[in-house]
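Residue numbers (my numbering), protein chains in the order written: chain A, 1 to 369; chain B, 1001 to 1369; chain C, 2001 to 2369; chain D, 3001 to 3369.
Below: one structure, written as structure tokens.
Number of protein chains: 4
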Amino acid sequence: MRAVVKPRPAPGLELQRVPVPTIGPDDVLVKVKVTSICGTDRHIYEWDEWSQATIRPPQVIGHELAGHVVEVGRQVRSVGVGDFVSAETHLPCGECLQCRTGRMHVCQNMRILGVHTDGCFAEYVKLPAAVVWKNDPDLPPAVASVQEPLGNAVDTVLAEPVTGKSLLITGCGPAGLLGIAVARAAGAFPIIATDVNDYRLRLARSLGATTTLNPGREAVVEAVRALTGGDGVEVFAEFSGHPGALAQGLEAVTPGGRVSLLGLYRSPVEVDLNRLVIFKALTVYGITGRKMFETWYRVRSLLASGELDVTPALTHQFPLEAFAEAMELMSAGACGKIVLWVDGVPAELDDVERPVREEESRVPVTVHG
Amino acid sequence: MRAVVKPRPAPGLELQRVPVPTIGPDDVLVKVKVTSICGTDRHIYEWDEWSQATIRPPQVIGHELAGHVVEVGRQVRSVGVGDFVSAETHLPCGECLQCRTGRMHVCQNMRILGVHTDGCFAEYVKLPAAVVWKNDPDLPPAVASVQEPLGNAVDTVLAEPVTGKSLLITGCGPAGLLGIAVARAAGAFPIIATDVNDYRLRLARSLGATTTLNPGREAVVEAVRALTGGDGVEVFAEFSGHPGALAQGLEAVTPGGRVSLLGLYRSPVEVDLNRLVIFKALTVYGITGRKMFETWYRVRSLLASGELDVTPALTHQFPLEAFAEAMELMSAGACGKIVLWVDGVPAELDDVERPVREEESRVPVTVHG
Amino acid sequence: MRAVVKPRPAPGLELQRVPVPTIGPDDVLVKVKVTSICGTDRHIYEWDEWSQATIRPPQVIGHELAGHVVEVGRQVRSVGVGDFVSAETHLPCGECLQCRTGRMHVCQNMRILGVHTDGCFAEYVKLPAAVVWKNDPDLPPAVASVQEPLGNAVDTVLAEPVTGKSLLITGCGPAGLLGIAVARAAGAFPIIATDVNDYRLRLARSLGATTTLNPGREAVVEAVRALTGGDGVEVFAEFSGHPGALAQGLEAVTPGGRVSLLGLYRSPVEVDLNRLVIFKALTVYGITGRKMFETWYRVRSLLASGELDVTPALTHQFPLEAFAEAMELMSAGACGKIVLWVDGVPAELDDVERPVREEESRVPVTVHG
Amino acid sequence: MRAVVKPRPAPGLELQRVPVPTIGPDDVLVKVKVTSICGTDRHIYEWDEWSQATIRPPQVIGHELAGHVVEVGRQVRSVGVGDFVSAETHLPCGECLQCRTGRMHVCQNMRILGVHTDGCFAEYVKLPAAVVWKNDPDLPPAVASVQEPLGNAVDTVLAEPVTGKSLLITGCGPAGLLGIAVARAAGAFPIIATDVNDYRLRLARSLGATTTLNPGREAVVEAVRALTGGDGVEVFAEFSGHPGALAQGLEAVTPGGRVSLLGLYRSPVEVDLNRLVIFKALTVYGITGRKMFETWYRVRSLLASGELDVTPALTHQFPLEAFAEAMELMSAGACGKIVLWVDGVPAELDDVERPVREEESRVPVTVHG
């Protein structure tokens, strides 16, 4: 089968022909229809420090997917051939303290699809039946594939209720954009979003941000205060992985408010804990993975409601073979979420395949500091 | 001034001329623009057992309002003349255990506007400054007035998060209708609503119910299960005060789910606690009043977002003088929320003033048991 | 092997010789050292309505145990031969909504050891490895066996924090007694306990109740108020299954307080929901089983701390063969928890084997209504 | 009256004669019996950067107290002459977002007794009646005075339940020692405490720490893991204000665990957020002040229970005049909590007045890395 492979310990990926996986008694084999690209995949492509320490080439990468079950192991009862499925990509051990106390998303022996095992940038992928998620057959495949990162956004934004609360989201990359869509579906208001990339701020508004701010030009903290009667926001969700955004958000959140951290930082971060966390009596949540499987059920409900529309975040739909072009777009920050179609992009999606041109991204911002 | 008064311990109310209240150092005087009718007001009109035990005539009744401050006591700093305001109508003592531990909505010495003090079915009302709520000047007065019952709906529906969760609301009177609107703004799905009154079920759909069921004709529990993949709903909010609806809802909620009780029952209710509460490990919240003032802030945010539209629930707009007609409509169940305008209904609202005719309420229901 | 069997659909149990169970690849075989008697076992002995509908004779009964692993299935890695173990006795399916969302204690397809499968009133018992709990080898076997009901008590009392809070426990049977011990270890104060049986009230005091009340002689609600400065208790845990105790507790809990229901009622119960639940804004938890496996970890920690001493609740230690005498003692309410030793009671426990004599149980109560 | 005064903007304090305060209609005047010293007082004594920016001399300092009401303002009903009282020392505005949403401990306009107003290192102190707390008349005055810092410890340790959970406390100064006592009363186990000062570790054990570790000699993270079966602790409470302790604690807490931060840092702290907070999915609480007045009720219950004994933390009892000696002891870390008696130390406390001698503090530590 065709597969995108990290062939050797060096930058880059290659499209190769590799054998179709063979499955065990508790596994299923899925014919992949679409897969989508996560920042992790880009890190592996670029072969950063984390990748060098973690990945053991040769290996098929990729972990976000939607497809159909074509074979099930003999002990599998929860899913059948023909089911349209996606998958939780964190593979917990089931036996550690965390797995036994409802926190398997932080399993001490976690293995990750496409990182510790062969992934889904391929025609077929092997999955333990326990992590397979049955989709509504009518769910668009690209949306089905991004349920996995959407789950991160749900856990980040909904770590505590946001309905009827003010919210700041810093970082409007794919994850932040999904977070904005979740916040809007959940009834947060105002939804203030920041990014240094105006193209992404435009996407942010199309997903439901009520105000966008470019910290390169605008005084974020002052603007947030002005928009919240001087109080600051009740909720701050950090998706950027940028220390400056973290500091601005901690400053902008109201005393007694709540913070969720999803964005990853290049290195340890200096934080004024006294003034920005302790005296403000903040609650700060570190967010990783998705709660299994509570998050998936909430994602399903939100998508079915029609209140959560993530399609504006899916800016590019490419054939699998265009993986390298996709990686470069991601590195340039010139995209939202990129979807790869294993057997080619359907004709009806052709017109959304083209990236938004640069000149289109010069949009007026709505608040000035 | 004109005021609707319970003149003597007997059924009925009268429009009378009474003196404008005089205020103390911590009070404000409000010129009432609109007031809206609560089930409590109808109980006082009908002079039921509770009213006989509680009300001390002669007294002005009414407690939901919007208006403008025309005078403030000398110690009042939080609000000024000209402010457009509504009010929390529960007047806590500030000194009991509950008041000192963030639960003043269940103050042990609670007094209620229009029940224990003269109310707002009048040109002017006296309010302690501590319970006055400043509105956005652009908020429509009728919406401003119903923030108070909307707060009950918020506390009922949002006692725990509903975003991305299935929900059953039993009882589509004014409170239940507001609950449906809140659930929709908060991203609950599906939102299943029941009532024996088809007119109200039609209103329910216009406020966001995704399925409505008439238990007089349909098998509610079976329908709820069918709509939730056999699991039942995660959240059950009881607004009806009907024991049968309570039993159906407890049956229809999934094990480990959550229940909020707002509707009041005519008498003690027989509940199969073993099977419907204990073995199901439900969490049941009794809901009363509104959390002060957290609920008000959330209501403000929801209304400002545009995601919460309660206007379909405001079926009738009457002049204050039509209070008796309004009470009879309520008793007949032929209305949503009724708004009374103290100085006459504005011309632009004339066309929503008329009740929906009976033949319009015969609408197809969407699920059959 | 020797086993206590329900031989036919009729009252009573018999000691029989039956084959040692054979285990599957995911099971373990345990040589039982001690087992303890639950109210459920007594219901099966008495052959009540529930038993008739549920049990399929012939069957070995019993589900609380401690023993040593003597054989493991070929796929079992989490436990080994020689381990000293107890077991969660609720056997969830692992695939339903509840199992996938951290609520497997209310699995929709639950099977229960000794109810739906052969139990542990026997020399050997077969257990799925997934529910086996490894004990500290130094834990006394009788204490190890009662970890299972102790888990119910933990979930009941600790459904919300009790540290530094006032608490009422109604019903001082074995479960309530364990609840008192948990409340004490958790720093609740005062701990008020009620029962109509003075012998049990004496046990209650020995386990940490700071005040005991006999509702047959004392005005419980008034006494609770007097002990809490007029406010009532913050927490009410109902272990009795008696409607009168439920009503007294709901009356005695402070507005905004919390209620946990564990006791089972003979029939549906009439509750004044308006006055006792809704207007008081109570939170009511139905409690069933134990949270898997969070509860077990907390029980382990509490037992290891030395702060939780349940031994005063273990009033009788019998050989397995004395099961019928034990059942009669339970029916008479003349015991706390009864422990059965499969191979005879150790000599050093001989002196605690005898029931407390009736005259010893006439003790002064500490509060009079 | 006699009072300890910061006379001018420079290091040091002076005992002076100043006028007895005059009270307003909402105030009470308290004759101070005992006062205790907080780290804040030492900062004012030493005249650090924070003090220079905050304190406006001349001013009476001090904020922890117990005494008797000798005069009440004419509007005061909640407290009367002769009452034995302590006080919440944070004086909230009552009107900001935080005050109106149950978070007045982070009032945006907070004023603090002895910082922004004249304090209680004096014969008399003026207090707003709203912050006065009535004590049980039998509560020892020194214990009554330390209820205020005990409240910080309660909020830190009990931010989430600790009953039946493992806990690490870093920093065994007065606040940390009180935290240990709270953890023990709440049934946490094990309770692991760290400090670089062996004298304080000895105090830690006397207050209930089950293991103490000196990071100057021992490998804290490894020891914590060894004590928790390799998992790390469920709860980490940071009282030290030392960045190294923070890092060790974040390392030692189990994934999905909880962290409370009370200790203040000299400067911003570098934190490996990715590895230690985000990937571990920790919940981190900033703790400041005490929740009004929920914390006070819990402290009252804990002290009344007899389960919480803070007296081993009260290492020194001095007359008010010995304030300078007390400050030096604190700077040297050679004490727990120091209590000052305004009218002299009672004879029966004479023998606890002497500091523990240095040689007594060389005690064996219980775990080696």
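The C-beta atom is built at its ideal place from N, Cα and C for all residues, glycine as well.
Note that the structure is predicted; figures quoted are calculated from it, not measured.
Item                                                                                                                              : Value
Nearest residue (CA-CA) to His281/A, options Gly3094/D, Gly3263/D and Leu3168/D                                                   : For clarity, residue 281/A is Ala in the given sequence; the question names His instead. With distances taken between Cα atoms, Ala281/A lies closest to Gly3263/D.
CB contact below 9 Å: Ala1252/B versus chain C                                                                                    : no
Check whether Pro2141/C and Gly2067/C have beta carbons under 9 Å apart                                                           : yes
Short CB-CB distance (under 9 Å) between Gly3189/D and chain C                                                                    : As written in the sequence, residue 3189/D is Phe, which differs from the Gly given in the question. Yes - at least one Cβ of chain C is within 9 Å of the one on Phe3189/D.
Cross-strand partners of Gly1286/B (DSSP beta bridge)                                                                             : Leu1261/B
Beta-carbon spacing of Ala2185/C, Gly3173/D below 9 Å                                                                             : no
Beta-bridge pairing of Val2235/C - partner residues as DSSP gives them                                                            : Leu2167/C and Arg2258/C
Nearest to Cys1120/B (by Cα), restricted to the options Val1034/B, Gln1248/B, Phe1279/B and Leu1308/B                             : Val1034/B
Short Cβ contact (9 Å threshold) for Met110/A with Arg2100/C                                                                      : no
9 Å Cβ cutoff, Ser2078/C in contact with chain D                                                                                  : no
Contacting residues, own chain, Cβ-Cβ under 8 Å from Trp1133/B (five flanking each side not counted)                              : Val1085, Ser1086, Ala1087, Glu1088, Gln1147, Phe1293 and Trp1296
Pro1009/B classed as buried or exposed, judged by whether at least 16 other C-beta atoms fall within 10 angstroms                 : exposed
CA-to-CA distance, Ile3169/D to Gly3249/D, given in whole angstroms                                                               : 8 Å
Limits of the beta strand (DSSP E) - the one that Glu3294/D falls within                                                          : Unbroken run through Glu3294/D is the alpha helix (DSSP H), Glu3294 to Ser3305; no beta strand (DSSP E).
Start-end ranges of the beta strand (DSSP E) lying completely within the region 1171 to 1250 of chain B, minimum 3 residues       : 1191 to 1194, 1211 to 1213 and 1233 to 1238
C-alpha gap between Val1233/B and Gly3244/D, whole angstroms                                                                      : 48 Å
Own chain, CB closer than 7 Å to Lys3006/D, minus 5 neighbours either side, in chain order                                        : Leu3013, Ile3044, Ile3055, Pro3057, Pro3058, Gln3059 and Ile3061
Three-way DSSP call (helix, strand, coil) for Ser2036/C in this model                                                             : strand
Where Leu3013/D sits in the DSSP three-state scheme                                                                               : coil
Interface partners of Arg3100/D on chain B, CB under 9 Å                                                                          : Met1292, Phe1293, Glu1294, Trp1296 and Tyr1297
Close beta carbons around Val381/A, own chain, < 6 Å, minus the five adjacent residues each side                                  : Since the displayed chain A opens at 1 and closes at 369, residue 381/A lies outside it and no answer follows.
8 Å Cβ cut-off: residues of chain A touching Glu2095/C                                                                            : Arg77 and Ser78
Given Gly1241/B as reference, the closest of Val1345/B, Ala1175/B and Ala1326/B once Cα atoms are compared                        : Ala1175/B
CA-to-CA distance, Val224/A to His368/A, given in whole angstroms                                                                 : Since pLDDT at His368/A reaches only 31, below the 50 mark, its modelled position is unreliable, and no value is offered.
Residue-level contact to chain D via CB, Arg2/A, 9 Å cutoff                                                                       : no
Classification of Asp1083/B by the beta-carbon crowding that lies within 10 angstroms, buried from 16 upward                      : buried
Test item: CB-CB of Ala2372/C and Asp2309/C under 9 Å                                                                             : The shown model of chain C, from 2001 to 2369, leaves out residue 2372/C, and the question about it has no answer.
CA-to-CA distance, Arg1300/B to Gly286/A, given in whole angstroms                                                                : 29 Å
Cβ neighbours of Glu2251/C in the same chain (closer than 6 Å, five flanking residues each side left out)                         : Val2221
Test: Glu2359/C CB closer than 9 Å to a CB of chain D                                                                             : Residue placement at Glu2359/C is poorly supported in this model, since its pLDDT is 38, which falls under 50; the coordinates still yield a value, given next. Glu2359/C does not count as touching chain D.
Proximity test, Leu261/A beta-carbon vs the ligand NAD heavy atom, cut-off 8 Å                                                    : Absence of the ligand NAD is noted for the structure shown, with no ligands found whatsoever.
Contact set between the region 2158 to 2176 of chain C and chain D, restricted to residues whose Cβ is under 7 Å from the partner : Leu2158, Pro2161, Thr2163, Gly2164, Lys2165 and Ser2166
Proximity of Lys2031/C and Arg3298/D at Cβ, strictly below 9 Å                                                                    : no
Continuous beta strand (DSSP E) assignments of at least 3 residues falling wholly in the region 1069 to 1111 of chain B           : 1084 to 1087
His63/A versus Glu321/A: straight-line alpha-carbon distance, rounded                                                             : 16 Å
Phe1323/B: first and last residue of the uninterrupted beta strand (DSSP E) it sits in                                            : Careful: Phe1323/B lies outside any beta strand (DSSP E), inside the alpha helix (DSSP H) at Phe1323 to Ala1332.
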